[in-house]
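With our numbering, the residue at position 149 of the sequence shown is 149, and numbering never jumps. Read through the structure below, which is laid out as structure tokens, and then see the notes.
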Amino acid sequence: MPAAAPRVDPILLGTGDTFGTYGGNRLGDTDIYSTAIDASKLNITTLADPIELTTFEETIRDFVLARLGHPVVRVELTDYQIKTAIDEAITDLDYHAPMWTTQFASFQTSAGINAYMLPMHIAYNLTYVVYKKSLLSIQNMAGSLEFDFFIKYFQDNFLFSNFSVSDFYLLQSHLEMIRKVLGQEGTWDLVNGNVLYLYPTPVLNSQTCILVFRALDAATLHPYYRNWIQRYALAAAKGILGEIRGKYTTLPSPGGGAQLNGKDLTQQSMQEKEKLKEELLFEIEEPPVFTMF
């Protein structure tokens, strides 16, 4: 069997914006993404685990408790139960995250190595990789296949007339195919969920690879989407609380018995979650993206 390709934990060049530089840090260093919501940690907590809520999760928990009547009335929910409701809300929003959550990170390739380890919060939401991309470039050397094809195409079809967007798209498609055949256009694949493979294999140490991924950031999350998470977590928490209170119809009390609202909470939970999902799909979810590159 062939030996496994070496995998590299690349050094981060930049993230967040064009001018961000973080020389010396690894791509997966947690201090760089201290406020990023790590999707790999959602929905995996067990009852045996100590529950540690981030500051972002604490604000949502307090919102849920306050809306359920705490501290005026007792709310029979543990931190673990509230965390499951928070994870459910963040998971739905993260899955339908709109384009404004787009993040960028870049690293330099190593000569002879085409496999690179990605941190899970990038790998889970990876949308595109920019590697050896040329936008409508023409070879400087006359006589090359791409140069001849480009000139020939326009001479035969549009030398003395305009051309449409569809014609331009077809041209771009043909050019991209030619670049790939000649090994000029880079391609990529994600293997095993977190290993980025680049093709063709880099021959230089200075080639830059740009990662485009989606990641919710608690520090920059728009208040509207933060509130959506709060409302959805509240709806999910109502369902849990309704199941708890639904075990009993009344509780003994000096006034003759307290009436519990377990059934009402369960119905409210189902209705509110359905309404919030519709709001997510029709008002928040990103539109389809069309591109020629």
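No residue lacks a Cβ here, since even glycine has one placed at the ideal position from N, Cα and C.
In chain order, what residues of the same chain have a beta carbon less than 6 Å from the beta carbon of residue i, not counting five sequence neighbours either side?
{"i": "Ala85", "result": "Ala233, Ala236 and Ala237"}
Taking only the alpha-carbon atoms, compute the straight-line gap between residue i and residue j and give it to the nearest angstrom.
{"i": "Glu88", "j": "Asn261", "result": "23 Å"}
{"i": "Gly112", "j": "Asp9", "result": "15 Å"}
{"i": "Ala123", "j": "Arg214", "result": "10 Å"}
{"i": "Lys277", "j": "Tyr80", "result": "23 Å"}
{"i": "Thr208", "j": "Thr266", "result": "52 Å"}
{"i": "Gly193", "j": "Thr35", "result": "23 Å"}
{"i": "Tyr248", "j": "Thr102", "result": "47 Å"}
{"i": "Ser110", "j": "Leu204", "result": "7 Å"}
May I ask you to report which of helix, strand or coil DSSP gives residue i?
{"i": "Asp189", "result": "strand"}
{"i": "Ile244", "result": "helix"}
{"i": "Asp49", "result": "coil"}
{"i": "Ala66", "result": "helix"}
{"i": "Asp87", "result": "helix"}
{"i": "Asp9", "result": "coil"}
{"i": "Gln218", "result": "The sequence shown places Ala at residue 218, rather than the Gln named in the question. Ala218 falls in the coil class under three-state DSSP."}
Quick check on the DSSP output: the beta strand (DSSP E) that includes residue i runs from which residue to which?
{"i": "Ile210", "result": "Thr208 to Arg214"}
{"i": "Tyr197", "result": "Val195 to Tyr199"}
{"i": "Leu126", "result": "Leu126 to Val130"}
Counting C-beta neighbours from all protein chains within 10 Å, is the total for residue i 16 or more, i.e. buried, or is it exposed?
{"i": "Leu281", "result": "exposed"}
{"i": "Ala66", "result": "exposed"}
{"i": "Gln271", "result": "exposed"}
{"i": "Leu47", "result": "exposed"}
{"i": "Thr55", "result": "exposed"}
{"i": "Glu283", "result": "exposed"}
From what residue to what residue does the alpha helix (DSSP H) around residue i run?
{"i": "Ser110", "result": "Taken as a continuous stretch (DSSP letters only), Ser110 belongs to no alpha helix (DSSP H), as it is neither H nor E."}
{"i": "Glu274", "result": "Gly262 to Glu279"}
{"i": "His121", "result": "Met120 to Ala123"}
What does a CB cutoff of less than 8 Å around residue i pick up in its chain, not counting 5 residues either side in sequence?
{"i": "Lys273", "result": "Tyr232, Ala235, Ala236 and Gly239"}
{"i": "Glu296", "result": "Given that the chain is displayed from residue 1 to residue 293, the structure contains no residue 296 and the question cannot be resolved."}
Taking 8 Å as the threshold (beta carbon to beta carbon), is residue i in contact with chain D?
{"i": "Ile82", "result": "Absence of chain D from the displayed structure is noted, only one protein chain being present."}
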